[in-house]
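Student:
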Amino acid sequence: MKAVIYTGESKIAVEDRPKPLILEPTDAVVKVLHTTICGTDLHILQGHVPSCSPGRILGHEGVGVIESLGSDVTNFTVGQVVVISCITSCGTCHYCHRKMSSQCESGGWILGNKIDGTQAEYVRIPHAAFSLHLLPDTIDQKVAVTLSDTVPTSYECGILNGDIKPDSTVATIGTGPIGLMILQMAKKLFSPSMTAVVGRGHARLKTAMSMGADHTFSVLDGQDIATASALSATSERGFDVVIEAVGTPESFGIAQTLVGPGGTIASLGVFGESCELHLEKLWNRNICLRTRLVDAISTPDILKMVDTDSIDPRFLISHSFSFDDIHGAYKAFEAPSKHGTLKVVVTMPHIITNGSS
Ligand SMILES: [Zn+2]
Ligand SMILES: [Zn+2]
1 MKAVIYTGES
11 KIAVEDRPKP
21 LILEPTDAVV
31 KVLHTTICGT
41 DLHILQGHVP
51 SCSPGRILGH
61 EGVGVIESLG
71 SDVTNFTVGQ
81 VVVISCITSC
91 GTCHYCHRKM
101 SSQCESGGWI
111 LGNKIDGTQA
121 EYVRIPHAAF
131 SLHLLPDTID
141 QKVAVTLSDT
151 VPTSYECGIL
161 NGDIKPDSTV
171 ATIGTGPIGL
181 MILQMAKKLF
191 SPSMTAVVGR
201 GHARLKTAMS
211 MGADHTFSVL
221 DGQDIATASA
231 LSATSERGFD
241 VVIEAVGTPE
251 SFGIAQTLVG
261 PGGTIASLGV
271 FGESCELHLE
281 KLWNRNICLR
291 TRLVDAISTP
301 DILKMVDTDS
311 IDPRFLISHS
321 FSFDDIHGAY
331 KAFEAPSKHG
341 TLKVVVTMPH
351 IITNGSS
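Numbering (full-length UniProt numbering), first residue to last: 1 to 357.
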């Protein structure tokens, strides 16, 4: 089968690999229909993820058909279409019992990292009973690739960790797929009194405006000007909820400036360097700071929200590619401002060739 390989350099390679087999009775092998590329894959290519060794098949997101099942997996049947969770969960360990499967003792984020991932024609999924989700045929299979990681991350690490309440003022920092999905969820699921988005590129901020943001601010106009303008939109009170979805010292600094007394910072950026926490300014402001790696425990809820149109992730899919043009897909994803990219869907060849592989 064809697979996307991390070569140890900044480029991917497409190689032929043997089709994966069931190794444990709790495994499934899934024939991948659609997959996607994540910012985390780019972190791997940049050499920032030491747990991922060269030779690894990349990818932790996808939708596929169950090809074979280990004898212990009794909640699925061969031929069912499933969403592959970006987090592998054993369902029984110390952390899984505490609904923290990101820290699962024999799972967590292992796909496309510690074991071979989803950017391939087939993938082996350990702990399949807890790590796959049946996809109803009412949900578009391409759009459903966003349910592996992007939407649960937006919901768990942004919306839930931000503790949004009706009437909250909500600032989102970052206008990538997750920042924009958080904006949509905040607007659709709660009734925030005001939403503001802080970003860089004006095109993305325009998108945020078209999605109903009350205010947008660009750090390209000067970070101090952007934060001062954002604070003035709250009558200098600061925001009740600040969701930091970038992961740089700059964005973390902005989050601390924008949070108001009693407010919450939900930080979900993938940080590659240390940042300053200004407790000398925050200690007496009753704030809460939360971090989280997605646990993907909300996926069943999210499937229902999409199915009932409570949220609509279709806008996230900006580009579609066939697997033959995986290099084009990476190029588009690596230069989002040039190509206007949010998420790219990559469709595997067996779809195009009508079932043969
Ligand atoms: Zn991802
Ligand atoms: Zn576990």
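Using N, Cα and C, we set each Cβ at its ideal position, and we do this for glycine too.
State yes or no: is the C-beta of Thr92 nearer than 7 Å to some heavy atom of ligand 2?
Tutor: With a cutoff of 7 Å, Thr92 counts as near ligand 2, since its C-beta is closer than that to a heavy atom of the ligand.
Student: According to DSSP, what are the bridge partners of Lys31?
Tutor: BP columns for Lys31 point to Val65, Tyr122.
Student: Mind checking which residues open and close the alpha helix (DSSP H) that includes Thr299?
Tutor: 299-307
Student: Based on DSSP bridge pairs, tell me the residues matched to Leu132.
Tutor: Ile84
Student: Counting Cβ pairs closer than 8 Å, one from the stretch 31-44 and one from the stretch 135-152, do we hit at least three?
Tutor: yes
Student: Taking C-alpha atoms, which residue in Ala266, Pro249, Gly269 lies nearest to Cys275?
Tutor: When only C-alpha atoms are compared, the closest one is Pro249.
Student: May I have the straight-line CA-CA distance separating Ser106 from Cys90, to the nearest angstrom?
Tutor: 7 Å
Student: Pull every residue with its beta-carbon under 6 Å away from any heavy atom of ligand 1, and keep them in chain order.
Tutor: Counting every residue whose Cβ lies closer than 6 Å to a heavy atom of ligand 1, we get Cys38, Thr40, His60, Glu61, Cys86, Asp149.
Student: Just reading off the alpha helix (DSSP H) that Pro249 is part of, what are its end residues?
Tutor: 249-258
Student: Could you name the residues that DSSP lists as bridge partners for Ser322?
Tutor: Thr347
Student: I need the straight-line Cα distance from Lys19 to Leu42, nearest angstrom please.
Tutor: 25 Å
Student: Below 8 Å, can you find three or more Cβ-Cβ pairs linking the stretch 233-251 to the stretch 168-181?
Tutor: yes
Student: What residue does the alpha helix (DSSP H) around Glu280 start on, and which one ends it?
Tutor: 279-282 is the extent of the alpha helix (DSSP H) around Glu280.
Student: Please state the DSSP three-state secondary structure of Thr106.
Tutor: Correcting the residue identity first, residue 106 is Ser in this sequence and not Thr. In this structure, Ser106 counts as coil in the three-state DSSP scheme.
Student: Pick out whichever of Leu69, Asp312, Gly158, Lys281 has its Cα sitting closest to the Cα of Met211.
Tutor: By alpha-carbon distance to Met211, the top candidate from Leu69, Asp312, Gly158, Lys281 is Asp312.
Student: So what's Ser235 in DSSP terms, helix, strand or just coil?
Tutor: Assignment of Ser235 by DSSP, reduced to helix, strand and coil, places it in the coil class.
Student: If we cut at 8 Å on Cβ distances, does Gly158 have a partner in chain D?
Tutor: The chain inventory of the structure shown lacks chain D, comprising one protein chain alone.
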